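Asker:
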Amino acid sequence: MRLLLADDHPLLLDGLFRILSELPDIQVLPPLSNGHQVIDYLHKNSVDLLLLDLNMPKVDGLSALKIIHKDFPNVKVIVFTSYDHPHFIREAQALGAEGYLLKTSTAVHLKTVVQAVAMGQTWFPKIQKNTVPSESLSDDFTHKYQLTPREIEIVRLIAQGKTTKQISEQLTVSEFTINAHRRNIARKTGIDTPIGLLHFAQEQGIV
């Protein structure tokens, strides 16, 4: 089994590489640091199993997972993340991941899940009701996934330098509606300037 690691933290990747290299019958490939690199690599190389972080620059894990499930259905994906929020667990399942593993897991548990998925099983944590996730929904990655598709579209157009009037004309809705969306975007992201939204859009792969 050819195993690819994708995470933007070099120290973590070093540890993962050492731990997973101990598994029999698994070849750990040189790690990558963002979803864009992963997609490009899969177009050129054979991969059986992918350990995929969610919060990565350029193309995040969920965006990459959508592409992988569609274009590379034979690649088994384990999401490896610090986000234990039920929303992301359900989203990963819906997008075709075979597993969801938290970065707080032990090395033994990591090996167990990787071997199980390699053998064709699935592994997802049980979603408990009324639990508080250890990772609060407060960073740019989670902000992106709290935005509606229309709000993401408006962020993209703002990042392209479009004015409220130009956006309303392009989307054929009133300026009042666009301004309402902009207020919601500012509330959800904490960003209320065009330059701030440009940086947010670039970091989250919206543009």
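Each residue of the sequence shown is one higher than the one before, counting from 0 in numbering that gives the first Met the number 0.
All residues carry an ideal CB built from backbone N, CA and C; glycine is no exception.
Owing to the predicted nature of the structure, the values given are computational and were not obtained by experimental measurement.
1. Check this for me: beta carbons of Q114 and L12, under 8 Å apart or not?
2. Suppose the cutoff is 7 Å on Cβ atoms and the five residues either side in sequence are ignored; what does the same chain contact list for S135 look like?
3. Are the CB atoms of K57 and G204 nearer to each other than 8 Å?
4. Less than 8 Å between the C-beta atoms of M0 and D24, yes or no?
5. Which first and last residues belong to the beta strand (DSSP E) in which K75 is found?
6. How far does the beta strand (DSSP E) with A5 in it extend, from its first residue to its last?
7. Keeping to the same chain, check which residues put their C-beta closer than 6 Å to that of L100; ignore five residues upstream and five downstream.
8. Let me confirm a value: S20 is counted as buried when at least 16 other C-beta atoms fall within 10 Å, else exposed. Which label applies?
9. Could you pull out every residue in the same chain whose Cβ sits closer than 8 Å to the Cβ of D47, ignoring the five residues on either side in sequence?
10. By a C-beta neighbour count over all protein chains shown, 10 Å radius and 16 as the cutoff for buried, is P30 buried or exposed?
11. Tell me where the beta strand (DSSP E) around L61 begins and ends.
12. Please identify the residue among H198, I151, E168, V37 whose C-alpha is closest to the C-alpha of R209.
13. Quick check: what's the CA-CA separation for I38 versus F71?
14. On a CA-only basis, which of Q169, L49, Y82, R17 is nearest V107? Give me that one, please.
15. Quick one, which of V154, R155, A158, F175 has its alpha-carbon nearest T164's?
Answerer: Taking the coordinates as given:
1. Residue 114 sits at position 115 when you count from the first residue of the sequence shown. Residue 12 sits at position 13 when you count from the first residue of the sequence shown. For Q114 and L12, no; Cβs fall outside 8 Å.
2. The residue labelled residue 135 in the question sits at position 136 within the sequence shown. Here S135 scores only 43 on pLDDT, less than 50, and its place in the model is too uncertain to base an answer on.
3. For the purposes of this step, residue 57 is taken as the residue at position 58 of the sequence shown. For the purposes of this step, residue 204 is taken as the residue at position 205 of the sequence shown. In this structure, G204 lies closer than 8 Å to K57 by Cβ.
4. Within the sequence shown, the letter at position 1 stands for residue 0. Within the sequence shown, the letter at position 25 stands for residue 24. The answer is yes: Cβ separation under 8 Å.
5. As a first step, residue 75 must be located in the sequence shown, where it is residue number 76. Its beta strand (DSSP E) spans residues 75-80.
6. Working through the sequence shown from its first residue, we reach residue 5 at position 6. Segment 1-5, the beta strand (DSSP E) holding A5.
7. Translated into positions along the sequence shown, residue 100 becomes position 101. Cβ within range, chain order: I77, F79, V112.
8. Here residue 20 corresponds to residue number 21 of the sequence shown, with the count starting at 1. Classification for S20: exposed.
9. Taking the sequence shown and counting its residues from 1, the one referred to as residue 47 is at position 48. Closer than 8 Å at Cβ, skipping near neighbours: M0, R1, L2, N73, V74, K75, A117.
10. Position 31 of the sequence shown, counting from 1, holds the residue named residue 30. The residue in question, P30, is buried, as its Cβ has 16 or more Cβ neighbours within 10 Å.
11. The residue labelled residue 61 in the question sits at position 62 within the sequence shown. Run containing L61: none in the beta strand (DSSP E); it sits in the alpha helix (DSSP H), 60-70.
12. Past the boundaries of the shown model lies residue 209; the chain is included only from 0 to 206, so the question cannot be answered.
13. Here the question's residue 38 lines up with position 39 in the sequence shown. Here the question's residue 71 lines up with position 72 in the sequence shown. One C-alpha to the other measures close to 9 Å.
14. Within the sequence shown, residue 107 is the residue found at index 108, counting from 1. Checked all of Q169, L49, Y82, R17; the closest Cα to V107 is R17.
15. The sequence position of residue 164 within the sequence shown is 165, counting from 1. Looking at the sequence itself, residue 164 is Lys, so the reference to Thr does not match. Cα-wise, what sits closest to K164 is F175.
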